[in-house]
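**Student:** Handing you this structure, nothing more for now.
Numbering (our numbering), first residue to last: 25 to 329.
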């Protein structure tokens, strides 16, 4: 249970449906005890936040590379199906005016310790498929949003800042484009891949939700009764990718999947309502998150000067 975990996320779930085992995917003994008890492993576990990877790369290598290795060895020895969750960030970024989008054949070009660690884990899975014949599929998804997302992430950080009476903050010039997908749509896509995906294949998951960060923040501000320019500019982070864009046509055409949240404004409105109604879920970690950002920003300013 790292800083990003929250036991309250399990409240309301029938305990008969879930067994929570608190452990480390790098723990060989524990992983090999759990894997043979199941028909499939869905590998969501990862260190995920780019900003944090710039300040502590080691934890990303441990979780994302070593942890994936341990899972691969376990599913190999116990002959269990694996689905590996990855990110579009392994492909690097695109120019704003590039008509292309990421596809399953786009070359890897990671630009941060986080995306490099995820690219490494993808390549491990592909190597285990070819070398050992494990039954595995992969998916690379665009940026998620929705309920239960940690307040360090872009959308919940802006929402919770506004709810606390603070001005939101925006990196650089706000032109960076992300391809947004609701977390429920991500989950339904993974479920569909588990049901019908072809072993050894990679599937890209996206909902055609390209928006630049300034537009997304302006939309959040308007939905929360504020002016679209009521935010503060902050210095851009190192290696900040310019644009992500997913082509999910293979998933849609071959497996018949389609997103349900196709209206970003409507999805954001529901997400804002969830954070407004669940302050007890996010408030305990909010101050700690903002303090971490303050310390990181101060360190970056010292290096720059």
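Just so it is clear, CB atoms sit at the ideal spot from N, CA and C, and this is done for glycine as well.
(1) Would you decide whether residue 142 is buried or exposed? Buried here means 16 or more other CB atoms lie within 10 Å of its CB.
(2) For residue 2, which beta-bridge partners are listed by DSSP?
(3) Kindly indicate which three-state DSSP category residue 250 falls into: helix, strand or coil?
(4) By Cβ distance, which residues of its chain are closer than 7 Å to residue 91, with the 5 residues on each side in sequence left out?
(5) Can you give me the Cβ contacts of residue 328 inside the same chain, cut-off strictly under 6 Å, excluding the 5 residues immediately before and after it?
(6) Grab me the residues of residue 86's own chain with a C-beta within less than 7 Å of its C-beta, minus the 5 sequence neighbours each way, in chain order.
(7) Do three or more CB pairs link the region 41–61 to the region 107–120 at distances below 8 Å?
(8) When burial is assigned at 16 or more other CB atoms within 10 Å of the CB, is residue 240 buried or exposed?
(9) Nearest by alpha-carbon distance to residue 230: which of 61, 283, 316, 35 is it?
(10) Leaving out the 5 sequence neighbours to the left and right, which residues in its chain are closer than 6 Å to residue 206 when beta-carbon positions are compared?
(11) Please state whether DSSP places residue 92 in a helix, a strand or coil.
(12) Residue 226 by DSSP, collapsed to three states: which one?
(13) Could you work out which residue in 247, 267, 246 is closest to residue 202 when comparing CA atoms only?
(14) Give every residue of the same chain whose Cβ lies closer than 7 Å to the Cβ of residue 243, excluding the five residues on either side of it in the sequence, and list them in chain order.
(15) Which of the three DSSP states is assigned to residue 295 in this structure?
(16) Just curious, the alpha helix (DSSP H) that residue 151 is in, first and last residue?
**Tutor:** Let me lay it out:
(1) buried
(2) There is no way to answer for residue 2, as the model of the chain reaches only from 25 to 329.
(3) coil
(4) 49, 50, 69
(5) Here the model assigns residue 328 a pLDDT of 48, short of 50, so the residue's position is not dependable, and the following value carries that caveat. For residue 328, where only same-chain residues beyond five positions count, there are no Cβ hits under 6 Å.
(6) 50
(7) no
(8) buried
(9) 283
(10) 170, 285, 291
(11) helix
(12) strand
(13) 267
(14) 289, 292
(15) helix
(16) 137–156
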